[in-house]
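In the working numbering, the protein residues as written are 2 to 244.
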């Protein structure tokens, strides 16, 4: 709008669930000093999609790109630049004493989580997800499910979110929390694969205090909560879509 702009980055698909029913994570950024590293990363991401001819040549983005600040790499990592997990490992502060993962679990994350632990050295992993009964995952120390209220009075004016679709990875260390948030699920296609075998995903890097992270994680929509879950030792995940 004239010389003003805002950029939204988050996890929601362009679907009814993504825009109205799922629990999603979005952040809108404007041209402020605090937002410039992320906006610069968004500019780099859009330019990379243009170079790779991922976007239609009929989509005119030049005005948008010119409005965004320039920088080297910014705070955005993407599968366009290689393995997401390798890029994450380069940015986090060591040693990692704990990892909180908020992600849908649509396939067996065992191999992906093993790579995360091998590369980051995380000693404890807590999984916050959307499955009522989560099959046991090697390396995972705690499981939580999104629990909505049983019912809602029409006068209360709040939505019930049944599906947890946000994606966030919080690495706890002595300096606070390195948080990565965006579109990448806990899967090989998002975090491990590269090139045409990978999903086109991005994550934004932020640094928070431990209290800021726990407040963000637990401050869910009204009357929702995270409930500790017991994993199913004999449960099975659906298979991941092959590359």
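Beta carbons are placed, not taken as given, at the ideal position from N, Cα and C, and that holds for glycine. All figures in this text were calculated on a predicted structure; none of them were measured in a lab.
Does the region 109 to 129 come within contact of the region 84 to 93, defined as at least 3 CB pairs closer than 8 Å?
Yes, the region 109 to 129 touches the region 84 to 93.
Taking the beta carbon of residue 102 as the centre, do at least 16 other beta carbons fall within 10 Å, making it buried, or is it exposed?
Buried is the call here.
To the nearest whole angstrom, what separates the beta carbons of residue 123 and residue 205, a pair I think is in contact under 8 Å?
Actually they are not in contact, since the Cβ atoms of residue 123 and residue 205 sit about 20 Å apart, beyond 8 Å.
Using only the alpha-carbon positions, how far apart do residue 109 and residue 50 sit?
Rounded to the nearest angstrom, the two C-alpha atoms are 29 Å apart.
Using the Cα positions of residue 112 and residue 106, report the straight-line distance between them to the nearest angstrom.
Residue 112 and residue 106: Cα-Cα distance of roughly 13 Å.
Report back the beta-carbon spacing between residue 172 and residue 97 to the nearest angstrom; my notes put them in contact at under 8 Å.
So it is a contact: roughly 5 Å between Cβ atoms.
For residue 82, does the three-state DSSP call read helix, strand or coil?
Of the three classes helix, strand and coil, the one that applies to residue 82 here is helix, per DSSP.
Just list the beta strand (DSSP E) runs in the region 133 to 187, keeping only unbroken ones of 3 residues or longer that don't cross its boundaries, in chain order.
Fully enclosed beta strand (DSSP E) runs of 3 or longer: 143 to 148, 168 to 174 and 177 to 183.
Considering only the beta carbon of each residue, do residue 104 and residue 186 sit closer than 7 Å?
Against a cut-off of 7 Å, the Cβ pair of residue 186 and residue 104 comes out as a contact.
Relative to the C-alpha of residue 90, which candidate in 131, 230 and 181 has its C-alpha closest?
Nearest of 131, 230 and 181 to residue 90, Cα basis: 181.
Report back the beta-carbon spacing between residue 226 and residue 148 to the nearest angstrom; my notes put them in contact at under 8 Å.
So it is a contact: roughly 5 Å between Cβ atoms.
Please report the residue range of the alpha helix (DSSP H) in which residue 45 lies.
It spans 37 to 52 - the alpha helix (DSSP H) in which residue 45 sits, taken as one unbroken run.
Considering only the alpha carbon of each residue, which of 222, 45, 152 and 128 lies closest to residue 71?
Of the candidates 222, 45, 152 and 128, the one whose C-alpha sits nearest the C-alpha of residue 71 is 45.
Verify whether the separation of the beta carbon atoms of residue 144 and residue 232 is less than 7 Å.
The answer is yes: Cβ separation under 7 Å.
My output table needs one value for residue 1: the three-state DSSP class, helix, strand or coil.
This structure cannot settle anything about residue 1, because the visible part of the chain is limited to 2 through 244.
Okay, do the region 188 to 196 and the region 125 to 135 touch, 3+ Cβ pairs below 8 Å being the bar?
The answer is no - the region 125 to 135 does not touch the region 188 to 196, with fewer than three Cβ pairs under 8 Å.
Name the two residues that bound the continuous alpha helix (DSSP H) containing residue 191.
Taken as a continuous stretch (DSSP letters only), the alpha helix (DSSP H) holding residue 191 covers 189 to 192.
My assumption, with CB atoms under 8 Å, is that residue 1 sits in contact with residue 100. Please give the rounded CB distance.
It is not possible to answer for residue 1, since the shown part of the chain is limited to 2 through 244.
Just the C-alpha distance for residue 175 and residue 210, rounded to the nearest angstrom, thanks.
Each residue's alpha carbon lies about 10 Å from the other.
Checking the sheet assignment: what are the DSSP bridge partners for residue 130?
Bridge partners of residue 130: 146.
I need the boundaries of the beta strand (DSSP E) containing residue 219, first residue and last residue.
Premise fails: residue 219 lies in the alpha helix (DSSP H), 211 to 219, not in any beta strand (DSSP E).
Grab the span of the alpha helix (DSSP H) containing residue 66 for me, first residue to last.
Unbroken alpha helix (DSSP H) run through residue 66: 63 to 68.
By a C-beta neighbour count over all protein chains shown, 10 Å radius and 16 as the cutoff for buried, is residue 166 buried or exposed?
That one is buried.
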